[in-house]
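In this text, residue positions in the sequence shown follow this note's numbering: the first is 13, and each later residue adds one.
Note that the Cβ used here is the ideal one computed from N, Cα and C, for glycine as well.
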Amino acid sequence: MIVVERPGGAGTLSLGRKAIYNRGKQSICVDLKAPRAADLVLRLVAGSDALIEGMRPGAMERLGLGPEACLARQPKLVYGRMTGWGQDGPWAPCAGHDIDYIALSGALWYSGQAGGSPVAPPTLVGDLGGGALYLALGILAGILHARASGEGQVIDAAIVDGSANLMNLLLAFAAGGMPMERGKGWIDGPYWYGTYRCADGRYLAVGPIEPQFHAEFLRRLGLDGDPLLAQSLDDSTWAAARARLAGIFAAEPQDHWCRVFDGSDACVAPVLDPYQAAGHPHLAARRVYQTRDGVLQAAPAPRFSAFPDAEVAEVPAPGGDWREIMGTAGIAAAEADSWVDAGVVRPPA
């Protein structure tokens, strides 16, 4: 995979060798506005299965790198277009960020506590969940289609589309009678699905939804048969039950409760930050987090049986692979140097 980077970085997102999202890629810095830059990129496109771009609609066309030009060079190309609002519609040309996309799609409205304002998840549920994952699925499906048919195509991956898709489970619940109000739903309102503060200021996540898991949860707490804690969709009992549990969990530190629920089906887990999570026995056994070049990062996922011991790959130096990339594209060393002399390709300093 080749990442074509902007010379000089990308402002606030210029992380250099700490850009975990670039690991395993090769990097070349190209001034796309330089004369003949499109000619160079099209030579890279000719040997590629897919291209991913994240500019506003029309920007790639103005650079001479739109779908028509790229598919003319590589008919089997899958051309992935990642935007917030999509390639068409009244808001298509407008700027936006994750919080805006999930707001308009309905995904943000539901997030938060009853009576409070919506809370934006810090993990970029739109950019990553509604955007990148749907784009990746589209690219892979497009490649399979191209291999079977010989035809490439354009993938319009809009974050608002993917974020709206993430709401389908809640919409199904709503069709079944669940209130569409913050703090009133079946997975954000009941006392048996939420977080509780422990004596040491740390938290537990509690989620025994199914009756058998709920029974195990109460048994571990020594509260079997407690009428207040009976599982009910009558939300008039939820506040009192939550207050009762809050008092119980607040009496002991997180480690105590981890021992109480260890190895059980009570669906209870400690709330950890990534650095604490890296040291948890289960995640450590699976090597979910790894450290490379002093940077803690999540290991590759999902896992493939053909590569059971996959390590996190190195993050390339911006532009550091330019000569190898151009060689793979059939560009001889002398010509590669001429692209540098022309200011199209920028080697690292």
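*For A169, which of G98, L27, L54, L308 has the nearest alpha-carbon?*
Answer by Cα proximity: G98.
_I'd like to know if the region 232-249 and the region 153-167 are in contact, where contact means that at least 3 CB-CB pairs between them fall below 8 Å._
no
_Separation of P314 from A50, as counted between CA atoms_ = 35 Å
_Proximity winner among D353, W334, G339, M338, relative to P360 (alpha-carbon distances)_ = W334
*Could you pull out every residue in the same chain whose Cβ sits closer than 7 Å to the Cβ of R299, ignoring the five residues on either side in sequence?*
A311
*State the Cα-Cα distance for the pair A296 and T303, rounded to the nearest angstrom.*
12 Å
*Just the C-alpha distance for I114 and N177, rounded to the nearest angstrom, thanks.*
11 Å
*Nearest to G355 (by Cα), restricted to the options L27, R35, I32, K45*: For G355, the closest C-alpha among the options L27, R35, I32, K45 is that of K45.
_Contact belief for A258 with L240 at Cβ below 8 Å, rounded distance in angstroms_ = So it is not a contact: roughly 13 Å between Cβ atoms.
*Apart from the five residues just before and just after M179, which ones in its own chain have a Cβ nearer than 8 Å to its Cβ?*
The beta carbon of M179 lies closer than 8 Å to those of S117, G118, A119, Y122 in the same chain, with the five residues before and after it left out.
*D228 to D277 span [Cα, whole Å]*: As written in the sequence, residue 228 is Glu, which differs from the Asp given in the question. Distance between the alpha carbons of E228 and D277 is about 6 Å.
*Integer Cβ distance of V57 from R18, believed to fall under 8 Å*: Taking a contact as a CB-CB distance under 8 Å, the pair V57 and R18 does not count as one, their CB atoms being some 18 Å apart.
*If you follow the beta strand (DSSP E) that E17 is part of, which residue opens it and which one closes it?*
14-17
_Outcome for T135 when other beta-carbon atoms lying within 10 angstroms are tallied against a minimum of 16_ = Answer is exposed; the Cβ neighbour count stays below 16.
_Please return the same chain residues whose Cβ sits closer than 8 Å to the Cβ of P87, not counting the five positions on each side in sequence._
G162, E163, G164
*Spatially closest choice to R209 from D267, M13, D321, by CA coordinates*: D267
*DSSP on Y287, reduced to helix/strand/coil?*
Correct three-state label for Y287: helix.
*Start-end ranges of the beta strand (DSSP E) lying completely within the region 210-286, minimum 3 residues*: 215-218, 280-283
*Is G23 helix, strand or coil when you go by DSSP?*
For G23, the pLDDT reaches just 48, beneath the cut-off of 50, and the residue's location in the model is therefore unreliable, although a value from the coordinates is still provided. The answer is helix: DSSP assigns G23 an H, G or I state.
_Contacts around V137, its chain only, beta-carbon distance under 8 Å, and the 5 residues preceding and following it disregarded_ = These residues qualify, in order along the chain: D110, I114, A119, S175, L178.
*asked:* I'd like to confirm the pairing. Which residues does DSSP put opposite D200 in its beta bridges?
replied: DSSP, once it has assigned bridges, lists no residue as partnering D200.
*Between which two residues does the beta strand (DSSP E) carrying D168 extend?*
Start and end: 165-170.
*Under a three-way DSSP split, which group does Y205 fall into?*
Collapsing the DSSP output to three states places Y205 in coil.
*asked:* Is it buried or exposed, P286, if we count other Cβ atoms within 10 angstroms and call 16 or more buried?
replied: exposed
_Checking the sheet assignment: what are the DSSP bridge partners for Y301?_
A310
_E193 - DSSP class collapsed to helix/strand/coil_ = coil
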